[in-house]
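Residue numbers for the sequence shown follow this note's numbering, beginning at 3 and rising by one. Using N, Cα and C, we set each Cβ at its ideal position, and we do this for glycine too. Here's the structure we're looking at; comments come further down.
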Amino acid sequence: MRIIAACNSVISSTLISALAVLATLAAASAGERFSTRYSASLTAFLGLDTLRIEQAARDVWLAHPSLLKQWELISAEANATYNGALNTIEVSPALTLPAGSLESGKRRLKTVPELLADSPAYAVHVTTVFHELAHAEYDVLVEEGATAADRRLFSLIEREIRPSFASRFPRVSSEVAVSEYFAYFHGAVLELLFEERHQLLFYNGIDPLTGACLPLRSLREKARELPLREFLELNGLGAGDETPYAERIQVDYVFVQGRDLALSIGEPGHFRPEWKAEFWRHFEAFYQPPRNRLALLQALREDAALSAQVARCRATLLVER
Ligand SMILES: [Zn+2]
3 MRIIAACNSV
13 ISSTLISALA
23 VLATLAAASA
33 GERFSTRYSA
43 SLTAFLGLDT
53 LRIEQAARDV
63 WLAHPSLLKQ
73 WELISAEANA
83 TYNGALNTIE
93 VSPALTLPAG
103 SLESGKRRLK
113 TVPELLADSP
123 AYAVHVTTVF
133 HELAHAEYDV
143 LVEEGATAAD
153 RRLFSLIERE
163 IRPSFASRFP
173 RVSSEVAVSE
183 YFAYFHGAVL
193 ELLFEERHQL
203 LFYNGIDPLT
213 GACLPLRSLR
223 EKARELPLRE
233 FLELNGLGAG
243 DETPYAERIQ
253 VDYVFVQGRD
263 LALSIGEPGH
273 FRPEWKAEFW
283 RHFEAFYQPP
293 RNRLALLQAL
303 REDAALSAQV
313 ARCRATLLVE
323 R
């Protein structure tokens, strides 16, 4: 699964000022931002600390996509874009809901459960939004050197990564390419966590899309092996549970200005593993993601509603035996 987003950079200054006014009008009220509920739901769903998204969102607005499309600032097919000139995120209206009163015209990002209720492809939609929020984070925090971790990453990007992109991919802007890599990296972490969550739930006899109990024979067998307390909670898969996610994240391609840039190892001048390690280190410093499947399992066990569902499904198995 690859997330492709169009990211625009060339617009006229007249439109910039006109749009800046619109963006201000569309800004969320103080306290809750357009991203707040989305962020909180990601924390509950995948065990990520999302304070960083809220920090970036202080300087970013959710724009009105219909006007931007009318003025051809974003492509009609794009589900979401980030515009660095305007500090605006534009997402398909299908991924947002009215925030506050309808008359205000304000909108907010849908939460993960709201996107799940809409479509089985919800993880793609969550990740698309996360990709654009990562562009915002890169623009207003990383490039600005907001923290020591940002300065460290940005220095590596400027010293080594951008020159490498510039020489390998001379037809695209290296500045845009590094921002895309940052956003794709964020997206890749989220995709992996979604895959892992789905795999864990399936293995534990719960349909990850519907929450329905799956009467797996393997679980009935487990009932004979495990103490009741362990049987009633989510269990790991065993093999691979401790493999660090840092080793599993891989960004092989980034899509920049209509071109796929191949970065995988084996390609000439590939994206060096130590660069990728720095992106993980930077991500980890702010989002504190689960480091492996066991850590994700721990985060999921802390979800009270999910734990109750697991216990209900297990009880069903016991009754049917
Ligand atoms: Zn992008």
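Only buried fits Val93, as 16 or more other CB atoms lie within 10 angstroms of its CB. DSSP, reduced to helix, strand and coil, places Asp262 within a strand of the structure shown.
In this structure, DSSP gives Val142 a helical state, which the three-state scheme calls helix.
The closest heavy atom of ligand 1 lies 8 Å or more from the beta carbon of His272. When distances are taken from the beta-carbon of Glu177 to the heavy atoms of ligand 1, even the shortest one reaches 8 Å or more. Counting only residues of its own chain and dropping the five nearest sequence neighbours on each side, Phe281 has a CB closer than 8 Å to the CB of Leu155, Tyr183, Phe184, Phe187. Residue range 176-205 is occupied by the alpha helix (DSSP H) that includes Val178. If you draw a straight line from the Cα of Phe132 to the Cα of Gly189, it is about 6 Å long.
Proximity to Ala241 across Leu195, Leu296, Arg231 peaks at Leu296, based on C-alpha coordinates.
Contact between the region 284-298 and the region 148-166 is present: three or more C-beta pairs spanning the two stretches fall below 8 Å. Our two residues, Ala101 and Lys108, have alpha carbons roughly 5 Å apart in a direct line. Nearest Cα to Pro122 within the set Asp254, Pro246, Pro210: Pro210.
Annotation for Pro172: no beta strand (DSSP E) segment contains it, and DSSP assigns it neither H nor E. Here the C-alpha atom of Arg226 lies approximately 27 Å from the C-alpha atom of Thr212.
For Glu92, the distance from the CB to the nearest heavy atom of ligand 1 is not below 8 Å. In the three-state reduction of the DSSP assignment, Glu276 falls in the helix class. In the structure shown, Leu64 falls within a strand segment according to DSSP collapsed to helix, strand and coil.
Going by beta carbons, Ala301 and Pro292 fall inside the 9 Å limit. In the three-state reduction of the DSSP assignment, Ile55 falls in the helix class. For ligand 1, a non-hydrogen atom lies closer than 8 Å to the CB of Glu182. Linking Ala136 to Ile55 through their CA atoms gives a straight-line distance of about 8 Å.
For Ala42, the CB stays at least 8 Å from every heavy atom of ligand 1. Counted as a single uninterrupted DSSP element, the beta strand (DSSP E) harbouring Val93 occupies residues 90-93. By the C-beta density criterion, Thr113 is buried, having at least 16 other C-beta atoms within 10 angstroms. Ile251 sits in coil when the DSSP states are folded into three classes, being neither helix nor strand. The Cβ-Cβ distance between Ala65 and Ser37 does not fall below 9 Å.
Boundaries of the alpha helix (DSSP H) around Leu158: 150-158. Across the set Pro275, Glu162, Phe167, the C-alpha of Pro275 shows the shortest separation from the C-alpha of Glu249.
In this structure, Arg316 places its C-beta atom within 9 Å of the C-beta atom of Gly207.
In the structure shown, Phe36 adopts coil according to DSSP, grouped into three states.
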